[in-house]
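To start, the structure under review is shown below, and the notes come after it.
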Amino acid sequence: MQPGRCNSGSDCLSYQSCGSLHNCVPRQGRCDSNQDCHLWQDCNGTNYCALQAGRCQADSDCLDYQQCKTDTNYCHVRAGFCDTNSDCASPNTYCNPQSNTCAYLDGYCASDLDCVVGYCDNGRCTQTPATQTARNDVVLIFDNSGSMSGDNKINRSRDAAVRTLGSIQNDQTRYALFSFNQCTPVQNLNFTSQNGDLVQQIRLMSPLGSTPLASTLDNAYQYIKNSSTGRERAFILLFTDGQETCNGDPCAVVKNYSANLKVPVYTIGYIVGAGEESQLQCIAQASGGAYYPAGNDADLLNKMRETLYVAGVACSDNSQCPSRFVCQDQQCVPAKLHLVFVRLNNLSTADFQSDVESQEQVFLHSIPSLAACTDRIRMTALDDACQVDNLGSDSAVDYAAVQSCLASHIDASEYDYFVAIAPTGGLTGMPGADGYMSWGTNGVFVTAGNPVLTAHEMGHQFGLYDEYCSNGVNCNLEPNPLRNEYGCDVNGSCCWSDFRLWPPPLRFSCSHPYGAPLCCEGNQSAEGGRSIMSWSDADGPRAHDEPSLEYLAKNPLLRCDT
56 MQPGRCNSGS
66 DCLSYQSCGS
76 LHNCVPRQGR
86 CDSNQDCHLW
96 QDCNGTNYCA
106 LQAGRCQADS
116 DCLDYQQCKT
126 DTNYCHVRAG
136 FCDTNSDCAS
146 PNTYCNPQSN
156 TCAYLDGYCA
166 SDLDCVVGYC
176 DNGRCTQTPA
186 TQTARNDVVL
196 IFDNSGSMSG
206 DNKINRSRDA
216 AVRTLGSIQN
226 DQTRYALFSF
236 NQCTPVQNLN
246 FTSQNGDLVQ
256 QIRLMSPLGS
266 TPLASTLDNA
276 YQYIKNSSTG
286 RERAFILLFT
296 DGQETCNGDP
306 CAVVKNYSAN
316 LKVPVYTIGY
326 IVGAGEESQL
336 QCIAQASGGA
346 YYPAGNDADL
356 LNKMRETLYV
366 AGVACSDNSQ
376 CPSRFVCQDQ
386 QCVPAKLHLV
396 FVRLNNLSTA
406 DFQSDVESQE
416 QVFLHSIPSL
426 AACTDRIRMT
436 ALDDACQVDN
446 LGSDSAVDYA
456 AVQSCLASHI
466 DASEYDYFVA
476 IAPTGGLTGM
486 PGADGYMSWG
496 TNGVFVTAGN
506 PVLTAHEMGH
516 QFGLYDEYCS
526 NGVNCNLEPN
536 PLRNEYGCDV
546 NGSCCWSDFR
556 LWPPPLRFSC
566 SHPYGAPLCC
576 EGNQSAEGGR
586 SIMSWSDADG
596 PRAHDEPSLE
606 YLAKNPLLRC
616 DT
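In this note's numbering, the protein residues as written are 56 to 617.
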């Protein structure tokens, strides 16, 4: 047989077949030279026709930010993306090689979103905001994937979102809404300042299909970039019960955009697993946002409130924020702690107002770990709104009466603790006491005129006890039942003064805590002993002792760094 000639395919090479003229010819897609391939292909070293660089037959042959022009078989840059600086229209922009998008050169901008630090004023980034009305843009990505049909999660999440949005009355914020249809993002609503439109669209949500987080985030960023010019702030709120299921990488998308845009993403994970949670944490961290886990309905409502208010509500003081928030830098941010003060037993309005102010000041400055963030503590005085007369004979009855009155003015979920202030001698729950904690509840009762009482009784709420030495014993230690290394316990030189915790005869083994001259009474006695907390009759400075402060500083509610 002559070279290259054949009677059958077995006479040819593996990539050839025997033609009608008894010549060995390449099979379809195989080649001996470039002439065997299309114009946009070359014959490679393995005898395959391979696409030339930048050529294509379908979009899948191009890079992510390109599409295939089938009339020329060239890969072309999609709208909004770039290959080189020449693809960018503005002379103040360049093609960012990490994201293949046109980004402003350092110091140039079209809106505040283009400035990593500062504000945009006439095309240049400055440290001073341009004169304009404070406005926010918020894109809400709401998960309506098929997994949301389980355990009625779609209805529970819709209700939480609707309840939260219904409480936001702020025409300075615009909202847009994105959801999913299988692996395709859906824009349900363009930017609008009408919360009712957003609520209506959320109510129409029904679960279906997969979870395309990456492509939806990509669309949300592009929408903000094209529609938020001149806005002061923009945010993305991502609510989901799972992770990406359409082969995308949402964290990579966020990292690409965050190189040039100040758009934090706040993510809420609704009953998600550990692996899914790590992806949502990455999205939030990469964008400068925050991740909020929600393991039940109460968590979900609180996290919806936190994210939507953080992103959506501008303010000038606390009164313009919901109860669990404070106003900082013209934005409502979650409060670390919310105390509500109410007045009891005909305490005069003037006495109540002045006492609230003095109690607040002592409480805020009694715990050093709070010193740098006292503006994150919210105090609300209800004044005449909730006055309870004829209190019961014990703290449980007192608590129920005050709680019942409070319920008609403020939801219990909107505050952490209440402080009920009565006139001197007006507490019936514990005769002779100036203050007490209603055990097992979130309420404390104090009398007017002694500013240390709230700090003291709230100390009990945070886990501290009164502890004193017995009469005549030199207690030159720092007693603390929560810290055994301080050497004080009920079997040693000191005991807990809260006799209600102990059955007879132990309850009488300590000297009576109210008014008796005890060795460790108060902050520091004449003999040098200390109690675990200051007492209202203490000699000298009335403040928590060092062991108490060390313990309090472990509580996340009482620290600035948590």
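We put the beta carbon where it would ideally sit given N, CA and C, even for glycine.
| Check | Outcome |
| --- | --- |
| Spatial neighbours of Asp592 in its chain, beta-carbon cut-off 6 Å, leaving aside the 5 residues before and after | Legend: pLDDT at Asp592 = 48, less than 50; position of this residue unreliable, no value from coordinates given. |
| Burial state of Pro58, where buried means 16 or more other Cβ atoms lie within 10 Å | exposed |
| Straight-line Cα distance separating Asp138 from Tyr103 | 28 Å |
| Backbone CA spacing between Asp444 and Val411 [nearest angstrom] | 19 Å |
| Exposure label - Gly328; buried when at least 16 CB within 10 Å | exposed |
| Length-filtered (4 minimum) alpha helix (DSSP H) runs lying within the segment 360-448 | 404-420 |
| Contact check, Val669 vs Val474, beta carbons under 9 Å | Nothing about residue 669 can be reported from this structure: the residues present for the chain run from 56 to 617 only. |
| Nearest to Gly481 (by Cα), restricted to the options Cys111, Leu68, Asn401 and Ala349 | Asn401 |
| C-alpha gap between Pro348 and Met203, whole angstroms | 16 Å |
| Rounded separation between Arg288 and Glu331 - CA only | 28 Å |
| Endpoints, the beta strand (DSSP E) within which Ser342 is located | Unbroken run through Ser342 is the alpha helix (DSSP H), Ala329 to Ser342; no beta strand (DSSP E). |
| Closest residue to Leu607 among Pro478, Ser424 and Ile432 (Cα-Cα distance) | Ser424 |
| Where Ala144 sits in the DSSP three-state scheme | coil |
| Touch test, the segment 58-67 against the segment 79-86, Cβ-Cβ under 8 Å, three pairs minimum | yes |
| Residue closest to Tyr278, alpha-carbon to alpha-carbon, out of Ser145, Leu232 and Ser248 | Leu232 |
| Cα-Cα separation, Cys117 to Ala339 | 30 Å |
| CA-to-CA distance, Leu394 to Ala467, given in whole angstroms | 11 Å |
| Sequence ranges, alpha helix (DSSP H) only - wholly within the segment 219-303, length at least 4 | 250-258 and 268-282 |
| Best match in Gly74, Leu253, Val388 and Ser333 for proximity to Asp214 [C-alpha to C-alpha] | Leu253 |
| Spatial distance of Leu461 from Leu437 (CA atoms) | 9 Å |
| Proximity of Thr435 and Ile476 at Cβ, strictly below 9 Å | no |
| Three-state secondary structure (DSSP) of Asn62 | coil |
| Per-residue DSSP class, three states only, for Pro536 | The predicted model places Pro536 with a pLDDT of 38, which falls under 50 and marks its position as unreliable, so this point remains unresolved. |
| Ile209, DSSP secondary structure in three states | helix |
| Enclosing beta strand (DSSP E) for Cys117 [first to last residue] | Here Cys117 belongs to no beta strand (DSSP E), and DSSP marks it neither H nor E. |
| Exposure label - Ser200; buried when at least 16 CB within 10 Å | buried |
| Ile196 and Ile291 closer than 9 Å at C-beta | yes |
| Assigned exposure category for Ala113 - 16 Cβ within 10 Å defines buried | exposed |
| Sequence-distant residues of the same chain with beta carbon closer than 6 Å to Val308, five excluded per side | Ala269, Leu272 and Asp273 |
| Spatially closest choice to Ala158 from Ala216, Arg218, Asn281 and Gln122, by CA coordinates | Asn281 |
| Limits of the alpha helix (DSSP H) - the one that Val309 falls within | Pro305 to Ser313 |
| Helix, strand or coil at Ala108 according to DSSP, with G and I counted as helix | coil |
| Residue range of the beta strand (DSSP E) that includes Ala345 | Ala345 to Ala349 |
| Outcome for Ala426 when other beta-carbon atoms lying within 10 angstroms are tallied against a minimum of 16 | exposed |
| Cα-Cα separation between Cys73 and Cys111, rounded to whole angstroms | 30 Å |
| Same chain, Cβ closer than 6 Å to Leu335, five either side skipped, listed in chain order | Thr322, Gly324 and Tyr346 |
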